[in-house]
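Number of protein chains: 4
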Amino acid sequence: MFIRFITTGGTIDKIYFDALSQFEVGDSPVDTILGEGLVSFDYDVVSLFRKDSLELTDADRTALREFIEADDAGRYVISHGTDTMVETAAVLAAIENKRMVLTGALSPARFKTTDAVFNVGMAVAAVQLVDPGVYIAMNGQVFRADQVRKNREENRFELIE
Amino acid sequence: MFIRFITTGGTIDKIYFDALSQFEVGDSPVDTILGEGLVSFDYDVVSLFRKDSLELTDADRTALREFIEADDAGRYVISHGTDTMVETAAVLAAIENKRMVLTGALSPARFKTTDAVFNVGMAVAAVQLVDPGVYIAMNGQVFRADQVRKNREENRFELIE
Amino acid sequence: MFIRFITTGGTIDKIYFDALSQFEVGDSPVDTILGEGLVSFDYDVVSLFRKDSLELTDADRTALREFIEADDAGRYVISHGTDTMVETAAVLAAIENKRMVLTGALSPARFKTTDAVFNVGMAVAAVQLVDPGVYIAMNGQVFRADQVRKNREENRFELIE
Amino acid sequence: MFIRFITTGGTIDKIYFDALSQFEVGDSPVDTILGEGLVSFDYDVVSLFRKDSLELTDADRTALREFIEADDAGRYVISHGTDTMVETAAVLAAIENKRMVLTGALSPARFKTTDAVFNVGMAVAAVQLVDPGVYIAMNGQVFRADQVRKNREENRFELIE
Numbered sequence: 007m008f009i010r011f012i013t014t015g016g017t018i019d020k021i022y023f024d025a026l027s028q029f030e031v032g033d034s035p036v037d038t039i040l041g042e043g044l045v046s047f048d049y050d051v052v053s054l055f056r057k058d059s060l061e062l063t064d065a066d067r068t069a070l071r072e073f074i075e076a077d078d079a080g081r082y083v084i085s086h087g088t089d090t091m092v093e094t095a096a097v098l099a100a101i102e103n104k105r106m107v108l109t110g111a112l113s114p115a116r117f118k119t120t121d122a123v124f125n126v127g128m129a130v131a132a133v134q135l136v137d138p139g140v141y142i143a144m145n146g147q148v149f150r151a152d153q154v155r156k157n158r159e160e161n162r163f164e165l166i167e
Numbered sequence: 007m008f009i010r011f012i013t014t015g016g017t018i019d020k021i022y023f024d025a026l027s028q029f030e031v032g033d034s035p036v037d038t039i040l041g042e043g044l045v046s047f048d049y050d051v052v053s054l055f056r057k058d059s060l061e062l063t064d065a066d067r068t069a070l071r072e073f074i075e076a077d078d079a080g081r082y083v084i085s086h087g088t089d090t091m092v093e094t095a096a097v098l099a100a101i102e103n104k105r106m107v108l109t110g111a112l113s114p115a116r117f118k119t120t121d122a123v124f125n126v127g128m129a130v131a132a133v134q135l136v137d138p139g140v141y142i143a144m145n146g147q148v149f150r151a152d153q154v155r156k157n158r159e160e161n162r163f164e165l166i167e
Numbered sequence: 007m008f009i010r011f012i013t014t015g016g017t018i019d020k021i022y023f024d025a026l027s028q029f030e031v032g033d034s035p036v037d038t039i040l041g042e043g044l045v046s047f048d049y050d051v052v053s054l055f056r057k058d059s060l061e062l063t064d065a066d067r068t069a070l071r072e073f074i075e076a077d078d079a080g081r082y083v084i085s086h087g088t089d090t091m092v093e094t095a096a097v098l099a100a101i102e103n104k105r106m107v108l109t110g111a112l113s114p115a116r117f118k119t120t121d122a123v124f125n126v127g128m129a130v131a132a133v134q135l136v137d138p139g140v141y142i143a144m145n146g147q148v149f150r151a152d153q154v155r156k157n158r159e160e161n162r163f164e165l166i167e
Numbered sequence: 007m008f009i010r011f012i013t014t015g016g017t018i019d020k021i022y023f024d025a026l027s028q029f030e031v032g033d034s035p036v037d038t039i040l041g042e043g044l045v046s047f048d049y050d051v052v053s054l055f056r057k058d059s060l061e062l063t064d065a066d067r068t069a070l071r072e073f074i075e076a077d078d079a080g081r082y083v084i085s086h087g088t089d090t091m092v093e094t095a096a097v098l099a100a101i102e103n104k105r106m107v108l109t110g111a112l113s114p115a116r117f118k119t120t121d122a123v124f125n126v127g128m129a130v131a132a133v134q135l136v137d138p139g140v141y142i143a144m145n146g147q148v149f150r151a152d153q154v155r156k157n158r159e160e161n162r163f164e165l166i167e
């Protein structure tokens with residue numbers, strides 16, 4: 007089994023900046039998480055964007071869709087900011103015969119307390135088990151991408167009723 | 007969706023003891039992991055055993071099978087020591103019409119670096135997506151329980167070829 | 007022994023905000039750090055400000071000095087942003103017969119990797135051992151407050167030569 | 007300033023072993039802790055023993071004393087198991103004109119929740135500030151080594167009254 011991970015930025019990836027100084031951590035959180043997860047499948051990690059998902063443009067989403075369409079893998083885990091994860095998923099729905107699971111985090115992977123590790127674990131399992139299509143793995147659930155929304159007041163993903 | 011978590015001990019659950027003193031942590035690691043994962047489904051956690059899996063007996067495995075058969079849930083995540091996870095899975099294979107995913111950890115959940123969070127994330131996603139039966143989620147993969155073994159030299163789970 | 011902890015904000019205390027959502031953690035990092043440090047002395051924690059140290063005003067520094075002068079404790083650990091820690095220390099130098107150690111962090115206490123715990127440990131030891139006066143505990147060293155500066159290019163504190 | 011760190015084993019250093027498999031982590035916890043503490047002084051780390059402190063013998067303690075006597079440094083932080091830390095300190099009391107601070111941890115440095123980082127921070131500050139002699143930094147306090155005991159029921163260090 008091979009999984010291609012695509013990182014696009016968002017909270018999961020957040021690096022801390024203060025007013026006068028800044029620092030970055032070398033590895034992407036996804037690499038670190040897969041290392042801690044002791045995964046034994048083949049994978050690579052492609053960094054396409056480093057943006058808050060509110061700043062992702064239509065052109066960015068098209069670029070992501072075209073990247074996946076032109077790519078030779080069959081399974082993708084896409085880390086993404088939570089605010090527009092559903093919008094990006096809708097664009098990817100045009101892709102046929104591939105399994106794509108979007109995930110992210112409500113608190114950064116670099117925090118002591120974060121949902122990032124759990125969520126990437128969910129996405130990795132889901133992308134092995136689902137039929138082709140686009141899914142969102144957040145808040146302990148694997149949603150079909152067209153059946154979920156982010157409830158911003160509650161800061162969680164939920165089924166559209 | 008409702009998931010019943012059953013803990014049986016094993017490395018994931020390991021609490022530290024030294025020669026002259028000891029301490030325990032109140033919450034089970036599974037509760038802590040689900041809290042950090044910000045899960046929004048309904049669940050409970052039942053603690054059946056607190057044993058290294060090498061110490062689990064046939065009677066223990068029968069008790070686990072009977073517990074699940076008599077229980078009204080449809081989806082189970084079972085945390086278990088890794089050394090005999092496959093043996094326990096074989097006993098559970100007799101249960102019909104339920105989804106059971108066993109997982110555990112190669113380093114304890116209380117360690118700074120652990121595969122426990124990732125693995126529970128995988129198990130939670132898997133138990134939502136699989137057909138009825140018994141599965142093992144370890145090392146980044148969701149295995150059918152009758153197609154996997156623990157390679158002790160490499161300290162990882164792998165497909166039986 | 008009694009130590010009064012005063013928190014003023016800064017990186018050590020940083021809570022994460024994103025564009026559309028926000029969350030706060032209940033305990034102050036100093037409380038959490040002292041709990042993990044298993045400290046057995048008496049203490050309390052007073053929160054005076056919650057500011058980046060670049061935003062602390064002369065009036066804030068005067069208020070801090072007056073608070074300590076009017077207070078009945080003899081030993082203070084003051085958590086503070088790093089950018090103006092030296093300026094605040096200079097204002098506190100007017101206080102007689104008290105031991106004051108400022109500390110902070112170059113990465114937030116809520117990060118997996120942070121200097122906050124180590125630094126508070128240093129400050130707690132220092133405030134027990136120093137003569138009355140003002141000190142800064144950062145980067146593994148306990149500096150007299152009038153002999154140290156923050157080197158912003160290197161992002162660390164160093165002796166004034 | 008130069009500090010020589012000497013590791014002797016104990017809980018702070020504990021590596022996890024289970025019945026059938028084992029793993030070790032490359033760096034000693036002390037190196038990792040000093041890295042996270044962003045320390046800027048010069049130091050090295052010498053590993054003398056890897057033992058539970060209950061297993062340290064008189065010969066080990068003599069070897070430690072002779073190592074320090076023959077060594078050219080002036081400041082030592084010695085990580086040590088807690089059960090016989092006081093006994094080792096008594097042996098080191100024969101050494102003149104050097105500053106020695108023993109510390110350790112009541113839960114292992116590799117745990118998510120540990121007092122190891124806080125304690126090493128305390129020891130590093132203390133060894134810069136004390137007069138020559140032997141000290142123990144545990145439970146938020148810097149004790150003279152001949153004025154402290156471990157209370158095993160309470161699992162903490164306390165002044166001898």
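Residue numbers (the working numbering), protein chains in the order written: chain A, 7 to 167; chain B, 7 to 167; chain C, 7 to 167; chain D, 7 to 167. C-beta atoms are modelled at their ideal positions from N, C-alpha and C, and glycine is treated no differently.
Cβ of R162 (chain C) within 9 Å of any chain D Cβ:
As a working note, residue 162 (chain C) is residue 156 in the third sequence. Yes, because at least one Cβ of chain D sits closer than 9 Å to the Cβ of R162 (chain C).
For the region 131-139 of chain A against the region 155-166 of chain A, are there 3 or more C-beta pairs whose distance is under 8 Å?
No, the region 131-139 of chain A does not touch the region 155-166 of chain A.
Is the Cβ of I166 (chain A) closer than 9 Å to any Cβ of chain C?
Taking the first sequence and counting its residues from 1, the one referred to as residue 166 (chain A) is at position 160. Using a CB distance cut-off of 9 Å, I166 (chain A) does not count as an interface residue toward chain C.
Tell me, please, whether the CB atom of M91 (chain C) is closer than 9 Å to any CB atom in chain D?
For the purposes of this step, residue 91 (chain C) is taken as residue 85 along the third sequence, with counting starting at 1. Cβ-Cβ to chain D under 9 Å: no for M91 (chain C).
At a Cβ threshold of 9 Å, is T119 (chain D) touching chain B?
Along the fourth sequence, one-based indexing puts residue 119 (chain D) at 113. So, interface residue.
Hey, is G43 (chain C)'s beta-carbon within less than 9 Å of any beta-carbon in chain D?
In the third sequence, the residue the question calls residue 43 (chain C) occupies position 37. So, interface residue.
So the alpha helix (DSSP H) G127 (chain B) belongs to, where does it begin and stop?
As a working note, residue 127 (chain B) is residue 121 in the second sequence. Run containing G127 (chain B): A122 to L135, per the alpha helix (DSSP H) assignment.
Closer than 8 Å at the beta carbon, the chain B residues around R116 (chain D):
Against the fourth sequence, residue 116 (chain D) aligns to sequence position 110. F117, K118 and T119, listed in chain order.
At least 3 beta-carbon pairs within less than 8 Å: the region 94-103 of chain A vs the region 61-75 of chain A:
yes
Under the three-state DSSP convention, the category M91 (chain B) falls into
One-based indexing of the second sequence puts residue 91 (chain B) at position 85. In this structure, M91 (chain B) counts as helix in the three-state DSSP scheme.
Three or more C-beta pairs under 8 Å: does that hold for the region 141-151 of chain A against the region 137-146 of chain B?
no
Which residues bound the alpha helix (DSSP H) around V36 (chain B)?
Translated into positions along the second sequence, residue 36 (chain B) becomes position 30. Annotation for V36 (chain B): the continuous alpha helix (DSSP H) segment containing it runs P35 to E42.
Looking at the strands, I want to know which residues DSSP matches up with T164 (chain A).
For this step, residue 164 (chain A) is matched to residue 158 along the first sequence. Correcting the residue type first, residue 164 (chain A) is Glu in the shown sequence and not Thr. Within the DSSP bridge table, the entry for E164 (chain A) names A:R155 as partners.
Look up E30 (chain D) in the DSSP assignment and say whether it is helix, strand or coil.
Locating residue 30 (chain D) in the fourth sequence gives position 24, where the first residue counts as 1. Here the model assigns E30 (chain D) a pLDDT of 46, short of 50, so the residue's position is not dependable, and the following value carries that caveat. In this structure, E30 (chain D) counts as coil in the three-state DSSP scheme.
Can you look up F8 (chain C) in the DSSP assignment and give me helix, strand or coil?
Taking the first residue of the third sequence as 1, we reach residue 8 (chain C) at position 2. F8 (chain C): strand per DSSP, three-state reduction.
Rounded to whole angstroms, what's the CA-CA distance from T119 (chain C) to E42 (chain D)? Just pull it up for me.
As a working note, residue 119 (chain C) is residue 113 in the third sequence. As a working note, residue 42 (chain D) is residue 36 in the fourth sequence. So the alpha carbons of these two residues sit roughly 6 Å apart.
Which one of B:G80, B:R105 and B:S85 has the shortest CA to CA distance from R150 (chain B)?
For the purposes of this step, residue 150 (chain B) is identified with residue 144 of the second sequence, where counting begins at 1. Of the candidates B:G80, B:R105 and B:S85, the one whose C-alpha sits nearest the C-alpha of R150 (chain B) is B:R105.
Would you mind giving the Cβ-Cβ distance between L112 (chain D) and T90 (chain D), rounded to the nearest angstrom? I have them listed as a contact below 8 Å.
Working through the fourth sequence from its first residue, we reach residue 112 (chain D) at position 106. Working through the fourth sequence from its first residue, we reach residue 90 (chain D) at position 84. Actually they do not touch by this definition, with Cβ atoms about 14 Å apart.
Euclidean distance between Cα positions of K57 (chain A) and G15 (chain A):
Here the question's residue 57 (chain A) lines up with position 51 in the first sequence. Here the question's residue 15 (chain A) lines up with position 9 in the first sequence. Taking the straight line joining both Cα atoms gives about 5 Å.
Rounded to a whole number of angstroms, what is the C-alpha to C-alpha distance between I8 (chain D) and A79 (chain D)?
Indexing the fourth sequence from 1 puts residue 8 (chain D) at position 2. Indexing the fourth sequence from 1 puts residue 79 (chain D) at position 73. Checking the displayed sequence, the identity of residue 8 (chain D) turns out to be Phe instead of Ile. Their backbone Cα atoms lie some 7 Å apart in a straight line.
For D50 (chain D), count the other beta carbons within 10 Å of its own beta carbon; 16 or more makes it buried, fewer makes it exposed. Which is it?
Indexing the fourth sequence from 1 puts residue 50 (chain D) at position 44. Exposed, because fewer than 16 other Cβ atoms sit within 10 Å of the Cβ of D50 (chain D).
Terminal residues of the continuous beta strand (DSSP E) containing D50 (chain D)?
Looking up residue 50 (chain D) in the fourth sequence gives position 44. D48 to K57 is the span of the beta strand (DSSP E), which, as asked, contains D50 (chain D).
Whole angstroms is fine: what's the gap from T13 (chain B)'s alpha carbon to L62 (chain B)'s?
Counting from one through the second sequence, the residue named residue 13 (chain B) turns up at place 7. Counting from one through the second sequence, the residue named residue 62 (chain B) turns up at place 56. Going by the C-alpha atoms only, they are around 13 Å apart.
Whole angstroms is fine: what's the gap from A122 (chain B)'s alpha carbon to E72 (chain D)'s?
Looking up residue 122 (chain B) in the second sequence gives position 116. Looking up residue 72 (chain D) in the fourth sequence gives position 66. One C-alpha to the other measures close to 44 Å.
Using a Cβ-Cβ cut-off of 6 Å (strictly less than) and excluding sequence neighbours within five positions of D77 (chain A), which residues of its own chain qualify?
For the purposes of this step, residue 77 (chain A) is taken as the residue at position 71 of the first sequence. Taken in chain order, the list of residues that qualify is empty.
So, at 8 Å on beta carbons, what are the nonlocal neighbours of L60 (chain A) in its own chain, with the 5 sequence-adjacent residues on each side left out?
Within the first sequence, numbered from 1, the residue matching residue 60 (chain A) stands at position 54. Here the set comprises G87, D89 and T90.
Rounded to a whole number of angstroms, what is the C-alpha to C-alpha distance between D24 (chain B) and V45 (chain C)?
Position 18 of the second sequence, counting from 1, holds the residue named residue 24 (chain B). Position 39 of the third sequence, counting from 1, holds the residue named residue 45 (chain C). Any reading at D24 (chain B) is ruled out, since the residue's pLDDT is 46, under 50, leaving its predicted position unreliable.
Out of C:V148, C:F163 and C:F124, which one is the CA nearest neighbour of V36 (chain D)?
Counted from its first residue, the fourth sequence places residue 36 (chain D) at position 30. It is C:F124 whose Cα lies nearest to the Cα of V36 (chain D).
Starting from the C-beta of K20 (chain A), find all residues in its chain whose C-beta is less than 6 Å away, skip the five residues before and the five after it, and write them out in chain order.
Start at 1 with the first residue of the first sequence, and residue 20 (chain A) comes out as number 14. Taken in chain order, the residues that qualify are P114.
Kindly indicate if chain B contains any beta-carbon less than 9 Å away from that of S27 (chain A).
What you label residue 27 (chain A) is simply residue 21 of the first sequence in a count that begins at 1. For S27 (chain A), the predicted structure reports a pLDDT of 43, less than 50, and the residue's modelled location is therefore unreliable. A value from the coordinates is still provided. For S27 (chain A), the answer is no, since every Cβ of chain B falls outside 9 Å of its Cβ.
Taking only three categories from DSSP, how would you classify L108 (chain B)?
Taking the first residue of the second sequence as position 1, residue 108 (chain B) is located at position 102. L108 (chain B): strand per DSSP, three-state reduction.
As assigned by DSSP and simplified to three states, the class of T17 (chain A):
For the purposes of this step, residue 17 (chain A) is identified with residue 11 of the first sequence, where counting begins at 1. Helix.
Between the C-alpha atoms of F47 (chain C) and A100 (chain B), what's the straight-line distance to the nearest angstrom?
As a first step, residue 47 (chain C) must be located in the third sequence, where it is residue number 41. As a first step, residue 100 (chain B) must be located in the second sequence, where it is residue number 94. Rounded to the nearest angstrom, the two C-alpha atoms are 58 Å apart.
If you drop the 5 nearest sequence neighbours on each side, which residues of the same chain put their C-beta closer than 8 Å to that of G32 (chain D)?
For this step, residue 32 (chain D) is matched to residue 26 along the fourth sequence. In this prediction, G32 (chain D) scores a pLDDT of 41, lower than 50, which makes its location untrustworthy; the coordinate-derived value is nonetheless stated afterwards. Excluding residues within five positions, none has a Cβ falling inside 8 Å.
Identity of the residue in A:V52, A:S85, A:I74 and A:Q147 nearest T17 (chain A) by Cα:
Position 11 of the first sequence, counting from 1, holds the residue named residue 17 (chain A). Nearest of A:V52, A:S85, A:I74 and A:Q147 to T17 (chain A), Cα basis: A:S85.
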